[in-house]
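All remarks here apply to the structure that follows.
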Amino acid sequence: MTKLASLVRPKAVAVVGASPKAGKIGNTILKNVIESGYKGKIYPINPREDQIEGLKAYPAVTEISEPPDLAVIAVPAARVLEVAEDCGKAGVKNLVVITAGFKEVGKAGLELEKKLVNICRQYGMRMLGPNVVGFIDTHTPLNASFAGTFPRQGEIAFLSQSGAMLVAILDWSDAAGLGFSRVVSLGNKADLSEIDFIEEAAADPHTKVILCYIEDIVDGQRFLEAAGRAARQKPVVIYKSGTSQAGALAASSHTGALAGSDLAYDVAFRQCGVIRARSMTELFDLAVAFAKAPVPRGSRVAIVTNSGGPGIIATDNVEAKGLQMARFSKETIEELQEKLPAEAGIYNPVDVLGDAKADRYRFALEKVCADPNVDSVVVLMCPAGVTQPVETTEAILEVRKAHPDKAIFAAFMGGESLAEGAAMLAREGVPCFTFPEPAIAAISGLVYYNEMLNTPEGEAAAALPGIDRKGVKAVFYDVIKDNRLVLLGSEAAEVARCYGIPAAPVALTVSPEEAVAEAEKMGYPVVLKVASPKILHKTDVGGVKIGLQSAEEVRSGFMEIMNNVHGYLPQAVVYGIEVQKMMPRGTELIIGMTRDIQFGPLIAFGLGGVYVNLIKDVSFRLARGLTLREIEKMLQETRAYTLLRGYRGEKPRDIGALVDAIRRVAALVTDFPEITEMDINPVFAYEEGLSALDIKITLS
Ligand code: ACO
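The opening residue of the sequence shown carries number 393 in the numbering used here; numbering runs sequentially from there.
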């Protein structure tokens, strides 16, 4: 029994607001329930009617002798609360609230929605909606929606935050030959959201691939856990809109969604194994690919084409998508060479030439599919006068039967003359496109998924030794008591030290003598920096002195900085001067953190220094649950990694120490949600060890 079994496979359904008047939503829903072939009991609810669509009608849900598992509500917004209350009293388990006029219309609507949720909580009911088209399960079967189309049965579960998008896709799907196991309009997601339906679809034996169109995610942490679990059972492909600034505003006004930062979505999806589609077209291309094709074992792609240009386009795309052009075995090359015309291309792409008929395609395809170095194949066809589209299609289907483990895709580049062949492929479940690019993009989605499945989940980082939470708390307490949110350098270094992050020694001093004493303790050379929360660019106000070698230089440096700062910024509150041990130069890196509203802290790693924003060589991961494997991947994604491994004869840097420092930063920002931002720039990486030089921490 799954959590939402009584919703998606109810024993009885009530339609509240059922109407005898054709064209009204309450009438359409009732007819949809009846016409979908639903086998359970159906109760139309209408206070004024005795009978609707040939079924006995009831004045209220409370009048039904046995409570239905599901009530679909289509009464005006002002009546929804009383109907929900009735449902609760009657013992209904689930509501689908079709009615609009809630959160999406503003404050009053939001209040109404909160009351509705409270009623559901009070009676232990689960709710889809409000503001939804409803849902359809083709296997129950049940159409609990006012959609105009009941889709054909299939293996795709489609969850859509936009009802309009859902009905459009349903209408289009029939012509596209696409079938669904379940479609769900998520609407305002006041109770149930994509998370619940992803979990449900993951457990549904009729669903092979889960597709989502979403505008926001309400509970980032829960999403990561649920989608991560689901993605290991079956592919989860999500198209998240609202990526642009303008798009984010449109998303807010649409279903009242608060669009999170797009980067965080990107990182979160990747980290939990969700495949991100970049358009509706790509979403459904991937759906077809996952529903129809076997997941290839690797990334080696073979191309068979009857013309050069499309072969080159396909090759370019293979590379651009990070796939590999398969290198055929010696036997394959010899056989192709022997049987194909001398002008044919026998390496990859295999060019069977413009005069190729079905038999030549069949031969080339057969050889390529039999090659153990090939994981997937793209068949390209342009309609030359002698091309045999239908016979070639038959050849493709026969070869596929003989090699069920190879993912075969087609791009039939043309119109009318290739339409019959393309339709045959669609019917037989071979993904067929008009151009090569989407075919390669779909293969890359399959390969990505396969790689994700083959990557062990990664051990959660073990408890870190040498952590002093109390020490951090004490620093934060002092900062807050001082009415500040930004830590001084010495305070930030102390926080880092408490978490075992190797910060260069630094001490706050208030007199030249104190500065000299600290410098003597640390050993020369030292750096002096003005300590003032208001001064962000210390160098610009003459607030930094580097490479000081003696007590005399420290003393005069101290005085000079004080004079400079008072000259530039006479009002600035100065806490003193920080003395920092001057560390030898290492590879300059950055480790940082920014906090996302949905997914929490995001860790950044990359090339550091003053040009960090210009160079933008940075990779990101979510801090929570960050595994060692993910940290290593994170390093490998940057160009900085090339430097770390030893560039142009230089010795490699201490990657182990870096991985450990990133882990510790992730632990620090996860343990202390009050840290809103953190930047360590630069971190110097050495052959042995690291040194965090400049640490900025901002609290909320
Ligand atoms: N119990 C049972 N039936 C009731 C009750 C009640 N407490 N109160 C009223 N009814 C009956 C009415 O008598 C009426 O039946 P009738 O046709 O026999 O008179 C029926 O329920 C419907 O009530 P109406 O007042 O006629 O409301 P109407 O059908 O015009 O509108 C609706 C109701 C459709 C729910 C409307 O309020 C609404 O929200 N429309 C928008 C729906 C929508 O767009 N949802 C989001 C989809 S997502 C997307 O973007 C496509």
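Cβ coordinates follow ideal geometry from the N, Cα and C atoms, glycine included.
Quick caveat: nothing in here was measured; it's all calculated off a predicted structure.
Check: Roughly how many angstroms separate the alpha carbons of residue 1020 and residue 1062, rounded to a whole number?; Outcome: 16 Å
Check: Please report how far the alpha carbon of residue 756 lies from the alpha carbon of residue 721, in whole angstroms.; Outcome: 14 Å
Check: Please confirm whether residue 770 and residue 792 have their CB atoms less than 9 Å apart.; Outcome: no
Check: Grab me the residues of residue 639's own chain with a C-beta within less than 7 Å of its C-beta, minus the 5 sequence neighbours each way, in chain order.; Outcome: Note that residue 639 scores a pLDDT of 47, beneath 50, so its modelled location is shaky and nothing firm can be said.
Check: Does any heavy atom of the ligand ACO sit closer than 8 Å to the C-beta of residue 559?; Outcome: yes
Check: I want to check one thing, is the minimum distance from the CB of residue 533 to the heavy atoms of the ligand ACO below 8 Å?; Outcome: no
Check: Pick from 610, 1016 and 837: whose alpha carbon is nearest that of residue 678?; Outcome: 837
Check: For the alpha helix (DSSP H) holding residue 424, just list the boundary residues, first then last.; Outcome: 417-427
Check: Smallest Cα separation from residue 423: which of 431, 410 and 1047?; Outcome: 410
Check: Out of 1082, 973, 859 and 1012, point me to the one whose CA is closest to residue 979's CA.; Outcome: 1082
Check: Say the cut is 8 Å; is the CB of residue 1013 nearer than that to a heavy atom of the ligand ACO?; Outcome: no
Check: Looking only at DSSP bridge pairs, what is residue 973 linked to?; Outcome: 918
Check: Could you check where the beta strand (DSSP E) with residue 844 kicks off and where it finishes?; Outcome: Segment 828-846 is the alpha helix (DSSP H) holding residue 844; no beta strand (DSSP E) there.
Check: Rank 703, 474, 513 and 535 by C-alpha distance to the C-alpha of residue 405 and give the top, closest one.; Outcome: 535
Check: By how many angstroms is the C-alpha of residue 496 removed from the C-alpha of residue 645?; Outcome: In this prediction, residue 645 has a pLDDT of 33, which is less than 50 and means its spatial position is unreliable; nothing more can be read from the coordinates.
Check: Determine the burial state of residue 657: buried for a count of at least 16 other Cβ atoms within 10 Å of its Cβ, exposed for fewer.; Outcome: buried
Check: If we count the other Cβ atoms within 10 Å of its Cβ and call it buried at 16 or more, is residue 1014 buried or exposed?; Outcome: buried
Check: Assign residue 420 to one of two classes, buried (16 or more other C-beta atoms within 10 Å of its C-beta) or exposed (fewer than that).; Outcome: buried
Check: What do you reckon, are the CB atoms on residue 812 and residue 785 nearer than 9 Å?; Outcome: yes
Check: Quick one: what's residue 716 bridged to in DSSP?; Outcome: 692
Check: Is the separation between the beta-carbon of residue 471 and that of residue 396 shorter than 9 Å?; Outcome: no
Check: DSSP three-state call for residue 901: helix, strand or coil?; Outcome: strand
Check: What are the start and end residues of the alpha helix (DSSP H) that includes residue 813?; Outcome: 808-820
Check: Can you determine whether any heavy atom of the ligand ACO sits closer than 8 Å to the C-beta of residue 469, and answer yes or no?; Outcome: yes
Check: I believe residue 844 touches residue 665 by the beta-carbon criterion, under 8 Å. Please report the beta-carbon distance rounded to the nearest angstrom.; Outcome: 4 Å
Check: Let me know the beta strand (DSSP E) ranges lying completely inside the stretch 507-574, each 3 residues or longer, listed in chain order.; Outcome: 518-520, 526-529, 534-537 and 544-552
Check: Would you please state the rounded distance, in angstroms, between the beta carbons of residue 787 and residue 768? I believe it to be under 8 Å.; Outcome: That pair is no contact at about 17 Å.
Check: Using only CA atoms, which one of 971, 562 and 1084 lies nearest to residue 895?; Outcome: 1084
Check: Measure the C-alpha to C-alpha separation of residue 898 and residue 956 and round it to an integer number of angstroms.; Outcome: 21 Å
Check: Can residue 556 be considered in contact with the ligand ACO, in the sense that its beta carbon sits closer than 8 Å to one or more heavy atoms?; Outcome: yes
Check: Can you check which of these residues, 848, 711, 592 and 490, is closest to residue 577 by C-alpha distance?; Outcome: 490
Check: According to DSSP, is residue 1014 part of a helix, a strand, or is it coil?; Outcome: strand
Check: Taking the alpha-carbon of residue 524 as reference, which of 998, 685 and 580 has the nearest alpha-carbon?; Outcome: 580
Check: Over what stretch of residues does the beta strand (DSSP E) that includes residue 924 continue unbroken?; Outcome: Counting along the chain, residue 924 falls outside any beta strand (DSSP E), and DSSP gives it neither H nor E.
Check: Which of helix, strand or coil does DSSP assign to residue 1048?; Outcome: helix
Check: What first and last residue would you give for the beta strand (DSSP E) that runs through residue 740?; Outcome: Here residue 740 belongs to no beta strand (DSSP E), and DSSP marks it neither H nor E.
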